[in-house]
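Under full-length UniProt numbering, think of the first position of the sequence shown as 1, with each following residue one higher.
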Amino acid sequence: MKFDEFKEKVKKEMQEYFQDQCEIRIEKIVNNDGVLKTAMYLKRADQNVSPVCWLNNEYSQFIKEGEDQSAWFSCIKRLKEAFLSVQEDMAQKLAEKLPDYRKIQDQIVYRLIRKEDKEKFLENVPYLSFLDLAIVFYILETDGSGNSYYCLIRKDLMRAWKVSILELMERAEKNTPHLLPPRTFRFSDFGLLDTSVPVKILTNESLIYGAATVLYKGVLEKLSEETGTDLILIPSSVHEVLILPDTNEIEAKELAEIIKQVNDKELEPQEILSGHPYCFVRETGTLKMM
């Protein structure tokens, strides 16, 4: 069985098992070893729980066990048990703290998502506009063993806490860089050839929703100082952005076409951040659309 077939079969099996209790997502992201892998998310509709499983690892184990029916059942059993265990343990841990804002205020983080076509989602979610994007807020819960999930902060929860969206942003600005520090890579870190123009991949240490690192204070300023130029930001997905020096040699229209091709052919709809590049102006320290 080829990996693509395995991936779709696993997704179907898990969706049938959990039915309408969750949404199954499969995305390509970089893991903590700097390797591009395929991750499966199981996101419960009622708890916004997002455990992650690396399907490449499960596929390797499936092949090792012989690719037969027994190996398949073992694979699905491991996935179900892993997801259920993370959900039950961590959901209970968070549920005990959730009503008390003081107990979770240091776990509030933000994500950067596209605003286009997200009107229905954003109706019940506190958010701040950032250029043509939206900043939304989550509670990050971890168990000390590398497992984590995110609980989306909705308007009803914010009202129950009696806090404002500006206070959420203030907390997230402090917490997110601390809990999810920025991290940069080069293409060569993944065994790929570096381009003639120096390109850096900017993300966070969790390597999930790392595009939000462009909001961190001082990050773009530091990268701009290293190049001595303004910066072009290519939104390759919600998980990372590509950073390259602005040498006035590449037209915004040309970059937008490249981004469109990647969005159309390489990304799932929920992974898409934007359809055009951005520019960080070194002199003013501001980010703008190109």
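Backbone N, C-alpha and C fix where the C-beta goes; we use that ideal spot for every residue, glycine too.
Buried or exposed: residue i, going by 16 or more other Cβ atoms within 10 Å of its Cβ?
i, result
"ILE63", "exposed"
"SER236", "buried"
"ASP33", "With a pLDDT of only 48 at ASP33, under 50, the local geometry of the prediction cannot be trusted, and the value read off the model is given with reservation. So ASP33 ends up on the exposed side."
"ARG102", "exposed"
"ALA172", "buried"
"PRO181", "exposed"
"ASN263", "buried"
"THR38", "buried"
"PHE73", "exposed"
"ALA160", "exposed"
"SER206", "buried"
"LEU157", "buried"
"PRO99", "exposed"
"SER148", "buried"
Does DSSP put residue i in a helix, in a strand, or in coil?
i, result
"LYS200", "strand"
"THR284", "coil"
"PRO181", "coil"
"ARG102", "helix"
"GLN47", "Annotation note: pLDDT 49 at GLN47 (below 50); position unreliable, coordinate value reported separately. Of the three classes helix, strand and coil, the one that applies to GLN47 here is coil, per DSSP."
"LEU273", "coil"
"VAL262", "helix"
"SER60", "helix"
"ARG78", "helix"
"MET289", "strand"
"GLU65", "coil"
"GLU23", "strand"
"VAL214", "helix"
"MET40", "strand"
"ASP33", "With a pLDDT of 48 at ASP33, under the threshold of 50, the predicted position of this residue should be treated as unreliable, and no value is reported."
"VAL219", "helix"
"residue 307", "This structure does not reach residue 307, given that the chain is present from 1 up to 290, and the question cannot be answered."
Since residue i and residue j should fall inside the 8 Å C-beta cutoff, what is the C-beta to C-beta distance between them, to a whole number of angstroms?
i, j, result
"PRO245", "PRO198", "7 Å"
"LEU179", "VAL136", "Rounded, the Cβ-Cβ distance is 16 Å, inconsistent with contact."
"ARG114", "ILE272", "6 Å"
"residue 296", "TYR209", "The structure shown has nothing for residue 296, since the chain only spans 1 to 290."
"PHE121", "TYR59", "The pair is not a contact, with the Cβ atoms about 31 Å apart (cut-off 8 Å)."
"LEU220", "LEU287", "7 Å"
So that I know if they touch, is there some Cβ in chain D lying closer than 8 Å to that of residue i?
i, result
"TYR150", "No chain D appears in this structure, which consists of one protein chain only."
For residue i versus residue j, is the C-beta distance shorter than 8 Å?
i, j, result
"ASP106", "ASN175", "yes"
"ALA211", "LEU140", "no"
"LEU55", "LYS9", "no"
"ILE201", "PHE185", "yes"
"ILE259", "GLY285", "no"
"PRO126", "LYS155", "yes"
"THR229", "THR213", "no"
"LEU231", "ILE243", "yes"
"MET289", "ASP132", "yes"
"LYS80", "TYR41", "no"
"MET14", "GLU67", "no"
**Message:** So within the region 128-174, which uninterrupted beta strand (DSSP E) runs reach at least 3 residues, ignoring any that extend past its ends?
**Reply:** 133-142 and 148-152
**Message:** For a minimum of 4 consecutive residues, which ranges assigned as the alpha helix (DSSP H) are wholly contained in the region 226-262?
**Reply:** none
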